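Visitor: One line per chain: the protein sequences are Z and P, in this order. Using the numbering used here, you'd call the opening residue of the first sequence number 1 and step up by one each time. Using the numbering used here, you'd call the opening residue of the second sequence number 1 and step up by one each time.
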Amino acid sequence: MPKEVLLDPAGKSVNNALHRSGHTSSTIAGITAVRIGKRIELHFDRPVTDADVAEAQKIGENFLSNAVIEDVVSVTVQN
Amino acid sequence: MTFKIGVVTFPGTLDDRDAQRAVRLAGGEAVALWHADENLHKVDAVVLPGGFSYGDYLRCGAIAAQAPVMDSIIKAANGGLPVLGICNGFQVLVESHLLPGGLIRNEKQHFICRDQTLVVENINTPWTNQFTQNEEIVIPLKNGEGGYIATDETLKRLEGEGLVAFRYKDVNPNGSMNDIAGLRNERGNVVGLMPHPEHAVEAGFGPDMPGTMRSGVDGLKFFTSVLNSLVNA
Numbered sequence: 001m002p003k004e005v006l007l008d009p010a011g012k013s014v015n016n017a018l019h020r021s022g023h024t025s026s027t028i029a030g031i032t033a034v035r036i037g038k039r040i041e042l043h044f045d046r047p048v049t050d051a052d053v054a055e056a057q058k059i060g061e062n063f064l065s066n067a068v069i070e071d072v073v074s075v076t077v078q079n
Numbered sequence: 001m002t003f004k005i006g007v008v009t010f011p012g013t014l015d016d017r018d019a020q021r022a023v024r025l026a027g028g029e030a031v032a033l034w035h036a037d038e039n040l041h042k043v044d045a046v047v048l049p050g051g052f053s054y055g056d057y058l059r060c061g062a063i064a065a066q067a068p069v070m071d072s073i074i075k076a077a078n079g080g081l082p083v084l085g086i087c088n089g090f091q092v093l094v095e096s097h098l099l100p101g102g103l104i105r106n107e108k109q110h111f112i113c114r115d116q117t118l119v120v121e122n123i124n125t126p127w128t129n130q131f132t133q134n135e136e137i138v139i140p141l142k143n144g145e146g147g148y149i150a151t152d153e154t155l156k157r158l159e160g161e162g163l164v165a166f167r168y169k170d171v172n173p174n175g176s177m178n179d180i181a182g183l184r185n186e187r188g189n190v191v192g193l194m195p196h197p198e199h200a201v202e203a204g205f206g207p208d209m210p211g212t213m214r215s216g217v218d219g220l221k222f223f224t225s226v227l228n229s230l231v232n233a
């Protein structure tokens, strides 16, 4: 995800559009900001180990994201 | 003696030919370097030109930073080889950790293309030694992700150590922190900037200047600077 302190221009545009979209509800009225990040999947043909998850966290922090701009918010395993 | 200036082509690079031409107009020999070839062919300096390497996938410059040629360039740059990163090349330098900080989407979301005035704030580099201190120059700017950002700590260090090489004048086109248009590293051999000196090297094809259209050639001094530094090396 882009760091919270940074302006996320894409998220800001989507937020503006959401409030202009004509859909009115207390939920939409309550949305104060939209932030847009990335989901990156790493596929394996074998069961994923704890070591893989730890390594994926490192890959996420060192290559898949840039720590100046973004944060890795979660690394999860799915079947 | 003619000095060899390498110009790297990644998949998606756009301005390699213009950069090669700028090298030749300055009096150097341009050597094409290929992203997949780690051999630098004994060049005396390297230009990382602009474009959209690898389609800007992942982040601008992030995949190019992992290319075989970059392994050699990072090693050589740490040994003092002059390296200039222009636009996407600046993004590659940042992603390679040769320069600090990052570049994000322009503040107002728009791709900006304009003749941009800069102030040259550091002339003690192989790429800027032909300028005078605080000289104002006009070269084209064209990017979508040129907003320079860094942590407060990094910004303080950049400003404190005089590592800001170029600053936007009159207009900050992309929301860059402290109006930063370009940086140098501590040693001075690595310089990166978002605007494009290689598009302002020959009258008739450069930015508009007061009184004369397309006459701007301020970018040529980047390339004469590096040749000058090699003569004196």
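Even glycine gets a Cβ: it sits at the ideal position worked out from N, Cα and C. Just so we're clear, the structure is a prediction, and the values are computed from it rather than from any experiment.
1) Which of the three DSSP states is assigned to Thr-2(P) in this structure?
2) Should the region 105–121 of chain P be regarded as contacting the region 65–80 of chain P, the criterion being three or more beta carbon pairs within less than 8 angstroms?
3) Can you tell me where the beta strand (DSSP E) with Arg-111(P) in it begins and where it stops?
4) Between which two residues does the beta strand (DSSP E) holding Ile-149(P) run?
5) Near Val-231(P), what residues of its chain come up, given a Cβ to Cβ distance below 6 angstroms and the 5 sequence neighbours on each side ignored?
6) So is Leu-58(P) in contact with chain Z if we call contact Cβ pairs under 8 angstroms?
7) With 8 angstroms as the threshold, decide whether the Cβ of Val-53(Z) is near any Cβ in chain P.
8) Identify the contact partners of Leu-6(Z) in chain P, using a Cβ-Cβ distance below 8 angstroms as the criterion.
9) Taking Ile-36(Z) as the reference, which of Val-73(Z), Gln-78(Z), Lys-58(Z), Phe-44(Z) has the closest Cα?
10) Which residue's Cα is closest to the Cα of Glu-186(P): Asn-178(P), Gly-162(P), Met-194(P), Ile-180(P)?
11) I want to see whether chain Z comes within less than 8 angstroms of Gln-109(P), judged by CB atoms only; does it?
12) Give the range of the alpha helix (DSSP H) segment to which Val-94(P) is assigned.
13) Does the beta-carbon distance from Leu-14(P) to Gly-61(P) come in below 8 angstroms?
Guide: To lay it out plainly:
1) coil
2) no
3) The identity of residue 111(P) in the sequence shown is Phe, whereas the question assumes Arg. Here Phe-111(P) belongs to no beta strand (DSSP E), and DSSP marks it neither H nor E.
4) 147–149
5) none
6) yes
7) no
8) Ile-104, Ile-149
9) Val-73(Z)
10) Gly-162(P)
11) yes
12) 88–95
13) no
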